[in-house]
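Heads up: the sequence lines are chains A and B, in that order. Sequential numbering of the first sequence, starting at 979, is according to my numbering. Sequential numbering of the second sequence, starting at 979, is according to my numbering. For reference, the structure is listed below as structure tokens.
2 protein chains.
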Amino acid sequence: MQRKRGRRIQEILTVAAELFGERGYAAVSLDDVAERLDVTKGSLYYYFASKDELVSAAIETLGRAWTGRLAALPTDGPPAQRLRALVREHVTVAVREHPTTLRLFLVPDDWPPPQRAAIKELRRWHDRLFRDVIEEGLRSGDFLVVDLDTALHCLHAAMTQAPAWFAARHGAAFDQALDRLVDTVLMLVGVGPKLVS
Amino acid sequence: MQRKRGRRIQEILTVAAELFGERGYAAVSLDDVAERLDVTKGSLYYYFASKDELVSAAIETLGRAWTGRLAALPTDGPPAQRLRALVREHVTVAVREHPTTLRLFLVPDDWPPPQRAAIKELRRWHDRLFRDVIEEGLRSGDFLVVDLDTALHCLHAAMTQAPAWFAARHGAAFDQALDRLVDTVLMLVGVGPKLVS
DNA sequence: ACAAACTTTGAACAGTAGGTCAATATTTGA
DNA sequence: TCAAATATTGACCTACTGTTCAAAGTTTGT
């Protein structure tokens, strides 16, 4: 059945994304991937033509799922509420479901050129989602930034690093940390505690 | 002469820090390092006993120089001014003098255990510098944060990612971008444009 | 000028990497 | 049940890795 093949491929991609996310492209061998799947290296070549193709597919699958989660959030309501939801969802997905894949978004230079394009497009997608909300908030006067691009950079940086800080927190501690992160990054767009400059 | 040996070692460490910063530990071979130095791999072993020892030394040298630059900044004046100076210096050093070494501070998991300790201590040092200034600002009422640790995390994330954004900017464009970054991250501690929450 | 100290080389070694493939095992469909 | 399709193996190849080291080249002090 084609179904079965699809599932097997998905299994492989999940494990691959995990490993590459943990240790990076160069530090993970196909033997490593195969071992975690309890098969031998040769089997991987039955599904993927090369290491590059495997990692490309892993990145794309993961990115598609992630972007889908963010795009599924409601697009109405006040900008501050929407931005909070976006940040919340992004970090939650990162920490809870893909705790080891931050590297994909972190250091594009880590990856061979063929993969960089895919990663950059993924980042562009995410950027779009956040940019739209912030632009709306700026128009409505709910937000205030020094510079939109810079604010987005900082926002993205904070979220990308978050999984590393949150790795050790679970349950209530995680929720608490997430609350604080959301409130803190909202300050980047002028929402929250105020102070005269 | 011992002087000459010291200089040679320094040359090697500079090149090594560059390369490891660019591509990470696993992706850089000793042949790569040797090639950029126009020597053969064997020569490196005359100065360093192993790849690990070389990379350890590179990290330590770089970290010492960097921390020194930050610690040399004046420790008087209003907190906002001091924090601005710290961010400015940090990003300037990163972009102008060590444009390719962000990885050292970015993904500790990239490095073998022996090196992680050194990197973490380096980060602790940096954290101290920024934490002290922010704490002073909080006491004096100049700053306002949701949570000190979270604000520091965000600040650090933004600065660490900065070299990647700034890589393409030179001259006036760089200064402008740096200004915007400094103003933006200052919002994390409640300084700048205000807005009711 | 020359010997001692310092530096670099290049070959060699064992281990591991990505990749290939014929042989084998398993599943599927009729 | 049995042959065709699908999936997995494990041995093998070549290239490259970190590392060692005897030999050769270069600097230095006298």
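Backbone N, C-alpha and C fix where the C-beta goes; we use that ideal spot for every residue, glycine too.
*Under three-state DSSP, which class holds A:THR1053?*
coil
*Continuous alpha helix (DSSP H) assignments of at least 4 residues falling wholly in the region 989-1059 of chain B*: The region 989-1059 of chain B contains these whole alpha helix (DSSP H) runs: 1008-1014, 1019-1025 and 1029-1049.
*What is the C-beta distance between B:LEU1022 and B:ALA1036, in whole angstroms, given that I count them as a contact (C-beta under 8 Å)?*
With a Cβ gap of about 12 Å, B:LEU1022 and B:ALA1036 do not count as contacting.
*Below 7 Å between beta carbons: does that hold for B:LEU1166 and B:LEU1133?*
yes
*Compare the C-beta of B:PRO1052 against all C-beta atoms of chain A and say whether one is closer than 7 Å.*
no
*State the Cα-Cα distance for the pair B:ARG1094 and B:ARG1102, rounded to the nearest angstrom.*
12 Å
*Burial state of B:HIS1148 (16 or more Cβ within 10 Å)*: exposed
*Going by other Cβ atoms of all chains shown within 10 Å of its Cβ, with 16 needed for buried, is B:GLU1099 buried or exposed?*
Around the Cβ of B:GLU1099, a 10 Å sphere holds fewer than 16 other Cβ atoms; the residue is exposed.
*asked:* Looking at the secondary structure, which residues open and close the alpha helix (DSSP H) in which B:PHE1144 lies?
replied: Run containing B:PHE1144: 1126-1144, per the alpha helix (DSSP H) assignment.
*Can you check whether the CB of B:THR1079 is closer than 7 Å to the CB of B:ALA995?*
yes
*Return the CA-CA distance between B:ARG1074 and A:ARG1047, expressed in angstroms with no decimal places.*
38 Å
_Classify A:MET979: buried if its beta carbon has 16 or more other beta carbons within 10 angstroms, exposed otherwise._
exposed
*Going by the CB atoms, is the gap between B:ALA1135 and A:ALA1135 shorter than 7 Å?*
yes
*Quick one: using the 10 Å Cβ neighbour count with 16 as the cut-off for buried, is A:ALA1142 buried or exposed?*
buried
*Going along the chain, which residues of the region 1100-1117 of chain A sit with their C-beta nearer than 7 Å to a C-beta in chain B?*
none
_So with CB distances below 7 Å, who are the chain B contacts of A:TRP1176?_
One cannot answer for residue 1176 of chain A here, as it falls past the ends of chain A, which runs 979 to 1175.
*What residues of chain B sit near A:GLN1139, judged by a beta carbon separation below 7 Å?*
HIS1131 and ALA1135
*Mapping DSSP to helix, strand and coil, what is A:LEU1061?*
helix
*With 7 Å as the threshold, decide whether the Cβ of A:ARG986 is near any Cβ in chain B.*
no
_Same chain, Cβ closer than 8 Å to B:PRO1092, neighbours up to 5 away in sequence not counted_ = ASP1030 and SER1034
*Could you have a look at A:PHE1121 and say whether DSSP puts it in helix, strand or coil?*
It is coil, neither helix nor strand.
*Could you tell me the boundaries of the alpha helix (DSSP H) in which B:VAL1160 lies?*
Residue range 1150-1164 is occupied by the alpha helix (DSSP H) that includes B:VAL1160.
*Roughly how many whole angstroms lie between the Cα atoms of B:ASP1120 and A:ALA1050?*
40 Å
*A:THR1128: buried (16+ other C-beta within 10 angstroms of its C-beta) or exposed?*
Looking at its Cβ environment, which holds 16 or more other Cβ atoms inside 10 Å, A:THR1128 is buried.
*Give the secondary structure of B:HIS1104 by DSSP, where H, G and I count as helix, E and B as strand, and everything else as coil.*
helix
*Evaluate contact between the region 986-1000 of chain B and the region 1149-1156 of chain A, counting only Cβ atoms and requiring at least three cross-stretch pairs below 8 Å.*
The answer is no - the region 1149-1156 of chain A does not touch the region 986-1000 of chain B, with fewer than three Cβ pairs under 8 Å.
*Step through the CB atoms of chain B and report whether any lies within less than 7 Å of the CB of A:THR1162.*
yes
*Give a yes or no on whether 7 Å exceeds the smallest Cβ distance from B:VAL993 to chain A.*
no
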